[in-house]
Amino acid sequence: MSRIEEALKKAAQQRKQSREEQTDSAVAAVPQTPVPASLKRKVSALLDVVPLKLNHLMLATARDEKTAVVEEYNKLRSTLIALTSGEKPLNTIMVTSTVSEEGKTMTALNLAISLAKEHDHTVLLVDADLRRPSIHRYLDIQPEVGLVHCLRDNLPIEQALIKTGVGKLVVLPAGEAIKEPVDLLSSGRMKAIVKELKQRYPDRYVIFDTPPALPFADAGVLAGMVDTTLFVVREGKAKLDDLVETLEEFKRHHLLGVVYNDAHSFVNRQSYYYGNY
Ligand SMILES: Nc1ncnc2c1ncn2[C@@H]1O[C@H](COP(=O)(O)OP(=O)(O)OP(=O)(O)O)[C@@H](O)[C@H]1O
Ligand SMILES: [Mg+2]
Numbered sequence: 025m026s027r028i029e030e031a032l033k034k035a036a037q038q039r040k041q042s043r044e045e046q047t048d049s050a051v052a053a054v055p056q057t058p059v060p061a062s063l064k065r066k067v068s069a070l071l072d073v074v075p076l077k078l079n080h081l082m083l084a085t086a087r088d089e090k091t092a093v094v095e096e097y098n099k100l101r102s103t104l105i106a107l108t109s110g111e112k113p114l115n116t117i118m119v120t121s122t123v124s125e126e127g128k129t130m131t132a133l134n135l136a137i138s139l140a141k142e143h144d145h146t147v148l149l150v151d152a153d154l155r156r157p158s159i160h161r162y163l164d165i166q167p168e169v170g171l172v173h174c175l176r177d178n179l180p181i182e183q184a185l186i187k188t189g190v191g192k193l194v195v196l197p198a199g200e201a202i203k204e205p206v207d208l209l210s211s212g213r214m215k216a217i218v219k220e221l222k223q224r225y226p227d228r229y230v231i232f233d234t235p236p237a238l239p240f241a242d243a244g245v246l247a248g249m250v251d252t253t254l255f256v257v258r259e260g261k262a263k264l265d266d267l268v269e270t271l272e273e274f275k276r277h278h279l280l281g282v283v284y285n286d287a288h289s290f291v292n293r294q295s296y297y298y299g300n301y
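Just remember that the working numbering sits 24 ahead of the position in the sequence shown, which is counted from 1.
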């Protein structure tokens, strides 16, 4: 049994146990319990956080420059649009990788910005890395509510969304980091949220940033809920065996393609423009 299968099996066992312990699992598609008053206060404070500055050096697509890096992200955007358009659009897309620090969040952010700048459609970027959320860090914001509160405290999603000021790019931050997010991510409520986002806005892209596939079950669980997965491989990061094992696992669901990040060997042969990219 592969490590991902083991992680998924362990997560399933934990879920079963937690269902037995608390008969009331979080399966409601519609919030049923009142949102705590403390959260409501935070939400009203949050509405002022627009537009964002987007100053992070790595957010190349946010600046009005025509660099090789921006070109690469635009090419990625065009390929993605071509691969996801069709009779049954694949508009819920998860970004993951084998191990940590391969560039998942940067890819998700730059892709979302590139899509939002080019199209008149809403792009929703969801920070589903509840273990180590970082989208808010790269955007230099401190949201007090997010996906965690939508899942755990039944906060309506629209109350946790942040407009970025870049086209129609909207961010659903994680809200807070939690140690064991698998139960929340695999809950019926998460399924309902993903389904609702897909069906309510069929013409918009919903991009989920996730933790690495090894050793956590989170990405594997989410892959079963979204339409497709974009896999990031950073040169020299994951061991080849681990990469092959993980990719095989994700091929069981819909795998859109692989983004080869920080590709020095390729770049050195092709062009000096890319620098560290
Ligand atoms: N192509 C690149 N060139 C240079 N630095 C990069 C590149 N891609 C990512 N980085 C840097 O690597 C670090 C990790 O990037 P990022 O947060 O996107 O990775 P991640 O896969 O989301 O990590 P984690 O698994 O911790 O969530 C960041 O400091 C980012 O700026
Ligand atoms: Mg990340």
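Glycine included, every Cβ here is placed at the ideal spot set by N, Cα and C.
Among Pro239, Asn178, Ala287, Arg224, nearest to Gln256 - alpha-carbon criterion: Stepping through the sequence shown from its first residue, residue 256 is reached at position 232. Reading off the sequence, residue 256 comes out as Val, not Gln. It is Ala287 whose Cα lies nearest to the Cα of Val256.
Pair within 7 Å by beta-carbon distance, His145 and Arg228: Position 121 of the sequence shown, counting from 1, holds the residue named residue 145. Position 204 of the sequence shown, counting from 1, holds the residue named residue 228. Contact: yes.
At least 3 beta-carbon pairs within less than 8 Å: the segment 191-209 vs the segment 90-105: no
Bounding residues of the beta strand (DSSP E) (the contiguous stretch that carries Met118): Along the sequence shown, read from residue 1 onward, the residue named residue 118 stands at position 94. Per DSSP, Met118 belongs to the beta strand (DSSP E) from 116-121.
Supposed close pair Thr108, Thr252 - CB separation, criterion 8 Å: Looking up residue 108 in the sequence shown gives position 84. Looking up residue 252 in the sequence shown gives position 228. Sure, about 7 Å apart at Cβ, within 8 Å.
Closest Cα partner of Val195 within the set Gly260, Gly127, Ala247, Pro167: Translated into the one-based positions of the sequence shown, residue 195 becomes position 171. For the residues Gly260, Gly127, Ala247, Pro167, the minimum Cα distance to Val195 belongs to Pro167.
Closer than 6 Å: Lys99 CB and nearest ligand 2 heavy atom: What you label residue 99 is simply residue 75 of the sequence shown in a count that begins at 1. The answer is no for Lys99.
Whole runs of the beta strand (DSSP E) within the segment 213-237, excluding any shorter than 3 residues: 229-233
Residues near Val250 in its chain [Cβ-Cβ closer than 7 Å; skip 5 each side]: Residue numbering aside, residue 250 sits at position 226 when the sequence shown is read from its first letter. Only Thr116, Ile117, Met118, Val218, Phe232 meet the Cβ criterion.
Burial state of Thr103 (16 or more Cβ within 10 Å): Position 79 of the sequence shown, counting from 1, holds the residue named residue 103. Exposed.
Backbone CA spacing between Leu193 and Ala140 [nearest angstrom]: Residue 193 sits at position 169 when you count from the first residue of the sequence shown. Residue 140 sits at position 116 when you count from the first residue of the sequence shown. Near 5 Å, if we compare the C-alpha coordinates of Ala140 and Leu193.
Contact set for Ile159: own chain, Cβ-Cβ below 7 Å, skip 5 residues either direction: Taking the sequence shown and counting its residues from 1, the one referred to as residue 159 is at position 135. Excluding sequence neighbours, Ile159 sits near Thr129, Leu133, Leu149, Asp151, Val195, Pro197, Asp233.
Selection from Glu142, Asp153, Val245, Asn285 that minimises the alpha carbon distance to Glu273: On the sequence shown, residue 273 is found 249 positions in, with the first residue counted as 1. Ranking the options by Cα distance to Glu273, first place goes to Val245.
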